[in-house]
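Here the structure comes first, spelled out in structure tokens, and everything after it is commentary.
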Amino acid sequence: MSDELSIIVSEQSNPLDGAAFAAGPGPMLVMASAGDCARFSLRTAKKNLAKATEAFGQVIPPQIGEMSSRAVKTALCLGPDEWLLLAPESERESITARFAKQSEQATHSLVDVSHRSVGIDISGPGAALVLNAGCPLDLTALPVGGCTRTILDKAEIILMKPGKEHYRLEVVRSFADFVWNFLSSAGREFETESG
Amino acid sequence: MSSFRTAKGGRIKRKDAISFSFEGKAYTGVKGDTLASALLANGVHFVGRSYKYHRPRGIMSAGQEESSALVGIDRGQGRYDTNTRATTQELFEGLKAQSQHCWPSLRWDIGEMNSLASPILSAGFYYKTFMWPKSFWKRVYEPIIRKSAGLGRAPRAVDPDVYASRYAHCDVLIVGGGPAGLAAALAASRSGAKVILADEQSEIGGALLSDPGSRIDDEESWSWLASAVVALAADENVTILNRTTAFGYYHQNFVGLVERLSDHLESPSSNLPRERLWRVRAKRIVLATGAIERPLVFAGNDRPGVMLAGAARTYLNRYGVRVGDKPVVVTSHDSAYLTAFDMAENGVGVEAIIDLCTDVSPELLKGAARLGIEVLPGHTITRTKGRLRISSIYAAPIEPDGSVGPERTIDCDALLMCGGWTPSVHLFSQSRGTLSWREDIGAYVPDVYAQNASSAGACDGHYLLSEALNGGAAAGQAAAIEAGYKAGKPNTYEVAEEATCSGTLIVELPTGANPARIKAFVDFQHDVTAKDIRLAVREGFHSIEHIKRYTTAGMATDQGKTSNLSELAIASKTLSRPIAEVGLTTFRPPYTPTSFGAFAGRSRGNLFDVTRKSPIDSWAEKRGAVFEPVSLWRRARYFPRDNEDMHAAVARECKATRSSIGISDASTLGKIEVVGPDSAEFLNRIYTNAWTKLGVGRCRYGLMLGEDGFIFDDGVVGRLALDRFHVTTTTGGAPRVMAHMEDYLQTEWPDLDLWLTSITEQWAVIALNGPNVRKLIEPFVEGIDLDKQAFPHMAIKEGKIYGVPTRLFRVSFTGELGFEINVPSRYGLTVWKRLIEEGARYDIVPYGTEALHVLRAEKGYIIVGQDTDGTQTPDDVGMAWAIGRNKHDFIGKRSLTRPDMLVSNRKQLVGLLTRDPKNLLEEGAQIVATAHPSPPAKMIGHVTSSYWSETLQHSIAMGVVEGGRARMGAELYVPMPDGVHQVQVVEPVFYDQEGGRLNV
Amino acid sequence: MLLIRCPYCEQDRAEVEFSYAGEAHIERPVDPSAFSDAEWEAFLFLRSNPRGTHFERWVHIHGCARHFNAVRDTVSDKFLMTYKAGKPRPTKREIEGAKK
Ligand SMILES: [Zn+2]
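Residue numbers (the working numbering), protein chains in the order written: chain A, 1 to 195; chain B, 196 to 1195; chain C, 1196 to 1295.
See below:
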């Protein structure tokens, strides 16, 4: 097998490649598609979290809605035995290998879902308003550093709140266009009002 | 043109003139006007015709309760709005309004003759008149009724406006921005609670806007109002929503609001939504929705110029408009005196106050005397005159015995009536609260609350300004405390020289005339009169809900806001039962008419629904594919070349696949990764097949049943490791299968140690089929030996293709040598393009779902949901082989031995060949046993799949037939529109029965 | 739109995040083959459909994805309480207690 046959990384394609949006004075709202990263769905019993933390190389929080985010890695607790792990693409294989070593002592399921979803960063004073155009959550009640799976209009999303006026959402690929179109349609309101 | 604008006063901007037109005639108003106030300022009262009798009608109110002044507003292409209340439509430059309910024109209306024919248009006329002949309904009655009733005409063009939506949460939602609502907002916001204050009017203030004369805490009411609004606006925890109607109160303090953002603007920005639907969840709600003035019921109470007294006061004080120069007031409630006094103080010669009550308070008499207004206590109005505008009334004393004395004529140009006030309890009732009747004020008021709410001010039966302010403040403070905030003692407000207003509940005015011969209107919009209600009762309708439906009182777009209580009072009197016993009709959302646009929101065009696209979709689109929807996905159906039709394209795609290589995008297939030590056991229970012995690196076709024993889904399952499976499902079934599996795993077998992860979108799937496929991919695959022995049919292995990680399946849904290349989605498009490029030397052809269906049908492979419909067992479709013989249990197993599942004449899947090979059966066509059965023909089955097979040069079909397998070789018949087709029952495998092409 | 308390998330969440999943406490028999046709029919098809207190299954499908049980009044539409899957059917007293 010769190297020339290998596909280079730049030949990947994502639904929202390069998408960016800004609206309103300030601006009120800035949205951009987030860069690619490695994603894992981790399923295990809570008692195995210490081991999992070791393998991931960062704290994996135990409570639904908690998110640990340090440097380039993020772990989201989405259900009583479900976590979404985000890490740089470069660590994908090492993380997989470290978890694999543990499967004897700590039963778990680690599934690579790096390509399953795309990320969207939303920030600005209008970020919560634009999300609330289709998301029924009280976003002021979602603490900074919190996360949850929820609904945005007709799409399921995973919503993270890394900052007071900063949200990041994850949406499965085939719903990404819809979500982006919905958010930018709602975001255009900021072109006409102050908030 | 005479102007009825006052010299000064009001909240209008007199210097900002606005041109508008009504019925094509140009007028001028000023900024701050509504269409109604601007028309009145121009002396125009006659603005429309009534729905049934086409009687001339004027402007009755100054608010959303308007039942008569309904107009169409034309904002250009696609923006024509019918049934708009002139009393709430804010004036803007260039506004164009048309009257409704008239044909051919407002002044000369053909339907006015209905008025003469009115004896036949009585209560229940809809039910009685148009009963026969039945065929007349669609052709004659309905078109005529629609045209002459003029329900308004809906625009045919697409609505160009944008409608927004927003979820919001707050501690305290206050509905109504009058004195009670404002005081509540001030009190609640002081505690730090998050407050939303919603009011339907253009300006916050409610009743205060019509009442500049009152003094609150030694401050003029308008100055108090201004500071209150400034204070609230400055508080970042307070959201003030004006032009916003709370239209529905639902479970758990969930309230729907519609905010109107652009209907008042001349040329709104294209990004500005027309309306925004707010879905508000509030911890606590304060209802401060006010009260609606009641009309009085007497002969000729509907002429243009007859108006609610409070409305006349609003036009005077808020809009600077005199509704007449010589008005007469008729009332059963003291509040109408305020109108008379305010008008007289503005130089209007009030002709008389006709008070139905005998005891008039000395204060009011003194006030009237001071202003030179004649008061006629204990008088009634027996009739009125004036065709397009009221010109005179007939007043007469009510004698002690209830009879009516001699009439006296009073000339007038406006008649201002007041029958008391009805608290607006609509939202309260929608919240499922119960009402109680207060005899002293003649009104229903909130009694038992079903949700976390309270009421303040007029909607609670407290009509005085001081009561509204202090009640509002207390309610606001209590709401904040309930919502978890610390709130100090609420403000107390003092209102100087407040006149107590009281009244008597007199709805129908005494008259000397025969009540059966006069038209005294109760519901002005639906033209329901007092005698209609009496007739309904006489005809046996005793429940108020039935009376409402029979007479249609309260069923027009105003939902009876001004008429409900009159209807009730007349019914109560006719039934000789107290009002409290007669009860009220149900209040339902929406409170006022709400546009479909507001409910639809952004769900239009590309946001109407999600269109899921595979990672390879963009290539198919560029290649000119014709798509079809498969659940939410769109999939390429075929790839026409040049001017090919579907038939030609599909024939070519099938031929290429059978002879060399076809490539198709199978990314939409559902995929689930099952991981954990108990994975095989779980699959044993979920599928009919056995999984324990499936080797790592092998695949198996799996059949899944519901607990009812019927086929639920199917797909190939590959074993990647002892504890890891890659499960595939049908495209449409993916979410349902995942939910089904999770359900059993979580609730029935929580002891099993495994997890399910959806990987549908992690992997792009490229299906390659045809004799040359191995040759094509072999050079680019790493880590997998593709040799026939090393990687046989139904094998799976992880490796690389073009350097990209792949899960390679050797499976086939066509009967040819087949591979399904799974690559991570972001690589899908590139790998696909490479394969197309490299495949050129083998004349690779992309094929769509249509060719896929033909190819699989040639092999007799079923499609769950097409060849099955939820009533087929594995045996019904000839797949008893898929049932693991030694399995003690699996989902659906027990049902397979229910008596009905074992009968011999169950419908079974068979192949069908038409006698004429060119004949194509229609999918869904019925199957019968004889060529020309006498009706009713016994239908013994139906066609489930039918295609032209280019490979076989013969049409092929599958169908389900009663006892089908026992009929092998038999002739059956398929009646279709073009005749009865003879078919032969055959095995449902048409091509390569031995399967030799698979194992190469 | 109802608010439903998810016993796993321990939060009141909007109804649109949930799916209904039928009557609760209908346990799949360990050995269905031991069931008579009549018993199996009852298990498969017969449901209580009461006016008033109803025990039912919900799944927080667009949240934590867990199935749980709820006690709901079919007249008022009010959720009286929710509890985790696998917990026994609550007693009258427990339901009364949860109302307060
Ligand atoms: Zn939950």
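Positions of the beta carbon are idealized from the N, C-alpha and C atoms, including for glycine.
Local conformation of residue i per DSSP, three classes
i	result
residue 374(B)	helix
residue 1146(B)	coil
residue 842(B)	helix
residue 534(B)	helix
residue 22(A)	strand
residue 2(A)	Unreliable positioning characterises residue 2(A) in this predicted model, as indicated by a pLDDT of 42, which lies under 50. The coordinate reading is nonetheless provided below. It is coil, neither helix nor strand.
residue 161(A)	strand
residue 58(A)	coil
residue 172(A)	strand
residue 186(B)	Not covered by the structure: residue 186(B). The range shown for chain B is 196 to 1195.
residue 752(B)	coil
Per-residue contacts from residue i into chain A (C-beta, under 9 Å)
i	result
residue 1200(C)	Those do not exist, as residue 1200(C) stays about 13 Å from chain A at its closest Cβ, beyond 9 Å.
residue 1203(C)	64, 79 and 80
residue 1284(C)	The premise fails here: residue 1284(C) is roughly 22 Å from chain A at the closest Cβ pair, so nothing lies under 9 Å.
Contacts that residue i makes with chain B (C-beta to C-beta distance below 7 Å)
i	result
residue 1237(C)	Chain B residues near residue 1237(C): none, gap ~12 Å exceeds 7 Å.
residue 154(A)	804 and 805
Heavy atom of ligand 1 within 8 Å of residue i beta-carbon
i	result
residue 79(A)	yes
residue 1278(C)	no
residue 786(B)	no
residue 1281(C)	no
residue 1203(C)	yes
residue 1252(C)	no
residue 63(A)	no
residue 146(A)	no
residue 941(B)	no
residue 1206(C)	yes
residue 43(A)	no
residue 1261(C)	yes
residue 1258(C)	yes
residue 1255(C)	yes
Residues that residue i contacts on chain B, provided the C-beta gap is smaller than 8 Å
i	result
residue 1258(C)	Here the premise fails: no neighbours, minimum Cβ distance about 13 Å.
residue 1233(C)	Within chain B, no residue comes near residue 1233(C); the closest Cβ sits about 10 Å away, beyond 8 Å.
Partners in chain C for residue i, counting only beta-carbon separations shorter than 8 Å
i	result
residue 873(B)	Within chain C, no residue comes near residue 873(B); the closest Cβ sits about 16 Å away, beyond 8 Å.
residue 151(A)	1209, 1211, 1212 and 1257
residue 945(B)	1280 and 1281
Neighbouring residues, chain B, relative to residue i (Cβ below 9 Å)
i	result
residue 144(A)	Neighbours of residue 144(A) on chain B: none; closest Cβ ~17 Å, over 9 Å.
Residue i vs residue j beta-carbon contact at 9 Å
i	j	result
residue 954(B)	residue 1015(B)	no
residue 171(A)	residue 153(A)	no
residue 1254(C)	residue 1240(C)	no
residue 780(B)	residue 865(B)	no
residue 705(B)	residue 798(B)	no
residue 750(B)	residue 501(B)	no
Local Cβ density within 10 Å of residue i, reported as buried at 16 or more and exposed below that
i	result
residue 251(B)	buried
residue 685(B)	buried
residue 982(B)	exposed
residue 621(B)	buried
residue 370(B)	buried
residue 425(B)	exposed
residue 880(B)	buried
Closer than 8 Å at the beta carbon, the chain A residues around residue i
i	result
residue 427(B)	Within 8 Å Cβ-Cβ: nothing; residue 427(B) doesn't reach chain A, min ~16 Å.
residue 1261(C)	79 and 80
Interface flag, residue i vs chain E, CB-CB below 9 Å
i	result
residue 44(A)	Going by chain labels, chain E is absent from the structure shown, which instead holds the protein chains A, B and C.
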